[in-house]
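Here is the structure we will look at.
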Amino acid sequence: MQDVTPYLDQLVTWRRHLHRHPELSFAEHQTVAYIESELRSELPEAQMRNLTPTSLVVTLDTGRPGPQLGLRADIDALAIQEDRPDLEFASEVPGVMHACGHDGHTAVVMATMLWVRDHLADLTGTITAVFQHAEETPPGGAQEMVATGFFDDFDYMYGFHLWGYQPTGTIDIKEGPASANSDLFRMTIHGRGGHASMPQETTDPVILATQTIQQIQHIVSRRIHPLSPAVVSATWLQAGTDTALNVIPGVAHLGGSIRTMDDDARQLVRQSLEQIAISLQTDPQVRVDLDYVLGYDGVYNDPARTRILRGLAEQHPLTIISEPPMLGGEDFAAFAQRVPSSYVFVGAQEDPEAGGHHTPTFGIDEDSFAIAMALAVDVVRNGPELAAG
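The sequence shown runs contiguously to residue 389 in my numbering.
See below:
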């Protein structure tokens with residue numbers, strides 16, 4: 001394993017600063033300013049560019065012919081109130097925290113660029129750190145960055161996730177599909193409200209909403225092929241107010257998340273939701289508004305290049321695994337559709353009993369940073385081979 005020890009103190013310092021100062025998707029202004037300021041002082045020779053208002057790319061050019069490599073880190077946080085009173089570097093922003101490890105991703109890539117600076121004479125081509133905004137909020141920041149055309153001539157992109165569901169010392173490398181298509185839906189049911197003592201005079205949207213949630217559960221169990229992984233979860237239901245419990249409201253809202261592994265299942269789920277909405281409106285007193293949001297496509301790892309990456313990882317004292325594709329969404333897919341890519345999961349479990357990703361008690365094991373950085377360094381050192389596939 002490449003010795004990255006000289007860079008780890010700085011890496012941890014950067015990560016803890018970012019953890020204290022999280023920002024939400026599309027609002028990462030101070031985060032980008034901090035990354036740019038820190039790297040300008042360390043890498044005065046680097047070329048820096050904001051592809052969007054809250055993203056940043058940082059390029060080091062060796063001055064010699066070679067591949068164009070990209071190292072991607074997502075930088076946004078989540079609207080979650082951190083519940084880690086013991087943590088000395090807990091979020092200082094009420095209601096916002098890094099609950100998915102993006103602070104670690106960012107710091108690892110920043111530190112990797114220091115290694116690149118120190119070994120530039122031994123490398124070829126260009127190495128670009130890609131600090132991407134808005135991974136957590138569809139349609140996501142990756143597609144905005146890709147749309148600029150900046151990555152059109154890249155030869156290889158590398159992305160990783162510090163993964164709290166795997167122990168430190170493991171790495172999950174998948175050849176081919178790595179994550180699911182990730183979509184959202186919102187449904188508004190307009191009925192006829194009235195007094196709670198006279199339900200016969202109403203068309204109760206609350207009842208219709210709860211029936212709809214039951215119907216939604218049948219989409220996967222009765223319409224999707226059993227061997228095609230899919231999840232449809234109703235995660236939001238809102239109607240009325242607790243200050244008027246004697247009122248049947250006129251409107252109910254519901255929504256949720258959809259995860260599929262193939263386009264046929266994706267289309268079938270959408271069609272099923274549309275059919276449910278149509279069936280509700282057979283009652284002339286009911287109107288349904290359905291908003292189906294196409295989110296992230298699934299990440300597809302280039303098999304040949306990911307096989308090479310796996311060989312590099314096997315040279316480290318790590319446990320290499322290959323789990324089925326995760327059903328989580330990941331907008332790295334936008335890069336992978338434009339550039340041959342690999343996206344891996346680096347074990348970073350801090351405490352098996354602690355909360356997982358997107359929970360108030362989430363944490364990552366800082367010992368995993370050395371592994372994540374060493375793998376990123378491997379990508380840079382072996383850029384020509386990875387680019388060629």
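Yeah, the Cβ is synthetic: ideal placement off N, Cα and C, and Gly gets one too. Since we're looking at a predicted model, the values are computed, not measured.
Every beta strand (DSSP E) of 3 residues or more that sits fully in the region 102–166 is shown, in chain order, as 126–132, 156–163. Unbroken alpha helix (DSSP H) stretches of 4 residues or longer found wholly inside the region 282–336: 303–313, given in chain order. Contact between the region 176–184 and the region 357–366 is absent: fewer than 3 CB-CB pairs across the two stretches fall below 8 Å. CA-CA distance, Gln-238 to Asp-289, rounds to 15 Å. Between the alpha carbons of Asp-297 and His-195 lies a gap of roughly 45 Å.
Closest in alpha carbon position to Thr-126, among Val-57, Gly-164, Val-293, Gly-140, is Val-57.
In this structure, Ala-73 lies away from Phe-151, with their beta-carbon atoms at least 9 Å apart. A Cβ-Cβ separation of about 5 Å places Gly-389 in contact with Arg-305 under the 8 Å criterion. In the three-state DSSP reduction, His-190 falls in the strand class (E or B). Judged by beta-carbon spacing, Leu-8 lies within the 9 Å limit of Ala-111, meaning their Cβ atoms are closer than that value. DSSP places Ala-376 in the uninterrupted alpha helix (DSSP H) bounded by 368–381. Gly-169 is not a Cβ neighbour of Thr-31, given a cutoff of 9 Å. Leaving aside the five residues that flank Glu-385 on each side, the residues in its chain whose CB is nearer than 7 Å to its CB run, in chain order, Ile-308.
Counting only the Cα atoms, Leu-39 lies some 11 Å from Ala-107. If you check the CB distance, Leu-71 and Gly-159 come in under 9 Å. When C-alpha distances from Asp-204 are compared across Gly-66, Ile-364, Gly-240, the shortest belongs to Gly-240. Per DSSP, reduced to three states, the secondary structure at Pro-6 is helical. A direct Cα-Cα distance of roughly 36 Å separates Gln-315 from Asp-263. Between Asp-118 and Val-344, the CB-CB gap reaches or exceeds 9 Å. Assignment of His-21 by DSSP, reduced to helix, strand and coil, places it in the coil class.
Ranked by Cα distance from Gln-166, the options Glu-353, Ala-387, Glu-36, Asp-378 are led by Glu-353. Judged by DSSP in its simplified three-state form, Val-93 adopts coil rather than helix or strand.
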